[in-house]
């Protein structure tokens, strides 16, 4: 089944100690859509300026991604982000954020998309997430992402969004900030009281866990020899997760577990190249091979008692 | 098969934000021996002063632990350690370290123990680890632990020990220090060049991984609701690992994986109480139940390709 993905479509300039790229294709909706598209058709909602290139549109268009919800604003420029990573790739410094078209963006679901069953609200202003939720008509399964900027800046709107979504993706430092708890599982448990029935805490190189009222699933990260650029890893995780879950068609624990591994795998591919170079060029078989290596990495048989 | 365990036997005074204990039973050999004893007979080598109590000897004696290698030095005092944990239990401050009997300790294998097949050298001066290695006659499987203090203070002796052991247990910050590599798997790979054919990197709340030349196994930590006192967690991990491995009788990957989970489980029990309160009162069935919960936490089926 289709997944609606709402988020940013951007030009990213990225510096690492070894390399840099200028105005590469980026943005939360782009990474999430590419990651999801290997398993489910995607309906992308976002906005770009008139400077957005046909080359980048083609990258999305060649995949199973419907860009009918991608607004192109004449006379304005595409969202631009510039960041720098240190020798420790977990340390990121934002150098430039030009909102441009994003400043006045109001996401609109194209006709026929209001009844989509699967919706992922990537990390954008919670007011826009709320706008989008108001347009959904068919009680979809909704996941959302957020970040420290909104937790500090718009806590009330964010709380309203959390009351209405089924799943929250959040990283370790953000879940501590949002919950006030230091221990990550206690922190995630606090989030369950805020609305979502599923919380996924992403811990970067330390993997991720999924918590519900009565279940816990833990996965390590896929071990990488060549972590080049973690930009978009979290968005790819969410996209890979949603693509798998929508393809499975329900949120039984078994499917949530599989989706966690697909998320982990898609995030790992993203980290191995700059921008979307890797994640745009995969096949489902390559993805599944890494999925199966993930299963092997942790596999132990039960003991007889 | 029996496991020889060499390390410290100590009085520990521990402060946490909520509680404190005075002169509780502690020491690397104590935690490791108790943890191992649920699956294999243990032969403990260590030293205490005349102030060591019968009560503490009884705790070891009641288990499957032969204390024939525990030297009691009249006229001297037992090794004493005092530490304090902050609200973040990963932050530990050492307040007092009185070596006492440990200052002049020379570990001696009692007659008949030289041909033991399984040897664990807990975290002590690498010169003592070397002494002990010189007494082994039967080409045993040897694991050792170490710490930042020896990596800085006795790098050459430590290098000599590493050339002669099969397995190194080491934590995340120490493996970075010893290897000069930031990435943990790259760091562990460097250690494999120093001698051991197996490296186990312990990452506290983030779990642990085991690396050999051609295998990698990853496990998360057991999620704890009530982490009280992490003192001895690493030693319990190593003990649980060795107890399981010696019981299995060989170092096939399947048995190394099982041993990793037993190590993880025993470490988790240690963290749930002060001193050895929890780890001295377990049963193998209780341990196996938690083992099976660990298996459930990460279980995913492979995908068909």
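Protein chains in written order, with our numbering: chain A, 1 to 305; chain B, 306 to 610. We put the CB at the ideal spot given by N, CA and C, even for glycine.
Would the beta-carbon of residue i fall within 9 Å of that of residue j?
i	j	result
residue 480 of chain B	residue 503 of chain B	no
residue 407 of chain B	residue 448 of chain B	no
residue 305 of chain A	residue 594 of chain B	yes
residue 442 of chain B	residue 419 of chain B	yes
residue 533 of chain B	residue 321 of chain B	yes
residue 524 of chain B	residue 201 of chain A	no
residue 386 of chain B	residue 403 of chain B	yes
residue 297 of chain A	residue 222 of chain A	yes
residue 302 of chain A	residue 316 of chain B	no
residue 522 of chain B	residue 562 of chain B	yes
residue 511 of chain B	residue 263 of chain A	no
residue 484 of chain B	residue 329 of chain B	no
residue 460 of chain B	residue 433 of chain B	no
residue 112 of chain A	residue 95 of chain A	no
residue 164 of chain A	residue 133 of chain A	yes
Excluding the 5 residues preceding and the 5 following residue i in the sequence, name in chain order all residues of the same chain whose CB lies nearer than 8 Å to its CB.
i	result
residue 396 of chain B	390
residue 284 of chain A	38 and 39
residue 472 of chain B	446, 447, 448, 449, 501, 502, 503, 504 and 505
residue 611 of chain B	In the structure as shown, chain B begins at 306 and stops at 610. Residue 611 of chain B is therefore absent and cannot be evaluated.
residue 66 of chain A	2, 41, 42, 43 and 44
Excluding the five sequence neighbours on either side, which residues of its own chain have a C-beta within less than 7 Å of the C-beta of residue i, listed in chain order?
i	result
residue 575 of chain B	336, 537, 538, 541, 583 and 584
residue 306 of chain A	Residue 306 of chain A is absent from the structure shown; chain A starts at 1 and stops at 305.
residue 529 of chain B	573, 576 and 577
residue 49 of chain A	73, 76, 77, 78, 100 and 101
residue 188 of chain A	175, 199, 201 and 211
residue 158 of chain A	126, 146, 150 and 151
residue 340 of chain B	541, 544, 545, 548, 571 and 584
residue 482 of chain B	453 and 456
residue 162 of chain A	168, 194, 195 and 196
residue 226 of chain A	272
Buried or exposed for residue i, going by 16 or more other Cβ atoms inside 10 Å?
i	result
residue 8 of chain A	buried
residue 394 of chain B	buried
residue 549 of chain B	buried
residue 182 of chain A	exposed
residue 62 of chain A	exposed
residue 52 of chain A	buried
residue 253 of chain A	exposed
residue 215 of chain A	exposed
residue 409 of chain B	exposed
residue 26 of chain A	buried
residue 13 of chain A	buried
residue 116 of chain A	buried
residue 123 of chain A	buried
residue 46 of chain A	buried
Output the boundary residues of the beta strand (DSSP E) element that contains residue i.
i	result
residue 118 of chain A	118-121
residue 531 of chain B	Residue 531 of chain B -> no beta strand (DSSP E), and no H or E assigned at all.
residue 476 of chain B	472-476
residue 20 of chain A	20-26
residue 389 of chain B	384-390
residue 43 of chain A	42-49
residue 92 of chain A	92-98
residue 71 of chain A	65-73
residue 211 of chain A	208-211
Could you give the first and the last residue of the continuous alpha helix (DSSP H) run that contains residue i?
i	result
residue 306 of chain A	The requested residue 306 of chain A is not part of the displayed model; chain A covers only 1 to 305.
residue 563 of chain B	558-576
residue 190 of chain A	184-192
residue 365 of chain B	359-366
residue 467 of chain B	460-469
residue 593 of chain B	589-603
residue 544 of chain B	538-553
Identify, in the order they occur along the chain, each residue of the same chain with its Cβ nearer than 6 Å to the Cβ of residue i, setting aside the five sequence neighbours on each side.
i	result
residue 346 of chain B	307 and 369
residue 5 of chain A	29, 32, 33, 42, 44 and 120
residue 553 of chain B	560
residue 110 of chain A	68 and 69
residue 171 of chain A	202
residue 361 of chain B	330
Would a check of beta-carbon distances place residue i closer than 9 Å to chain D?
i	result
residue 610 of chain B	You won't find chain D in this structure, because its protein chains are A and B.
Legend entry - Against chain B: residues of the stretch 225-251 of chain A by CB proximity under 9 Å: Hits within the stretch, in order: 225 and 227.
Legend entry - the stretch 379-396 of chain B: positions lying closer than 8 Å to chain A by Cβ: For the stretch 379-396 of chain B, residues whose beta-carbon sits nearer than 8 Å to a beta-carbon of chain A comprise 392 and 393.
Inset, instruction - Identify each residue in the stretch 565-598 of chain B for which the Cβ-Cβ distance to at least one residue of chain A is less than 7 Å, and report them in chain order. - result: Of all residues in the stretch 565-598 of chain B, only 566, 590, 593, 594, 596 and 597 come within less than 7 Å of chain A when Cβ atoms are compared, listed by chain position.
Inset, instruction - Select from the stretch 474-491 of chain B all residues with a C-beta closer than 7 Å to any C-beta belonging to chain A, and list them in chain order. - result: Result list: 487 and 490.
Legend entry - Members of the stretch 194-224 of chain A near chain B, C-beta cut-off 9 Å: Per Cβ criterion, the list reads 203, 205, 206, 207, 209, 216, 217, 218, 219, 220, 221, 223 and 224.
Inset, instruction - Return the residues of the stretch 107-121 of chain A that lie within a Cβ-Cβ distance of less than 9 Å from chain B, sorted by chain order. - result: Along the stretch 107-121 of chain A, none of the residues has a CB nearer than 9 Å to a CB of chain B.
Inset, instruction - Check distances from the C-beta atoms of the stretch 356-367 of chain B to those of chain A and list, in chain order, the residues that come in under 8 Å. - result: Identification of residues in the stretch 356-367 of chain B having a C-beta nearer than 8 Å to some C-beta of chain A yields an empty set.
Inset, instruction - Using a Cβ-Cβ cut-off of less than 9 Å, list which residues of the stretch 451-473 of chain B approach chain A; keep chain order. - result: Result list empty, no residue passes.
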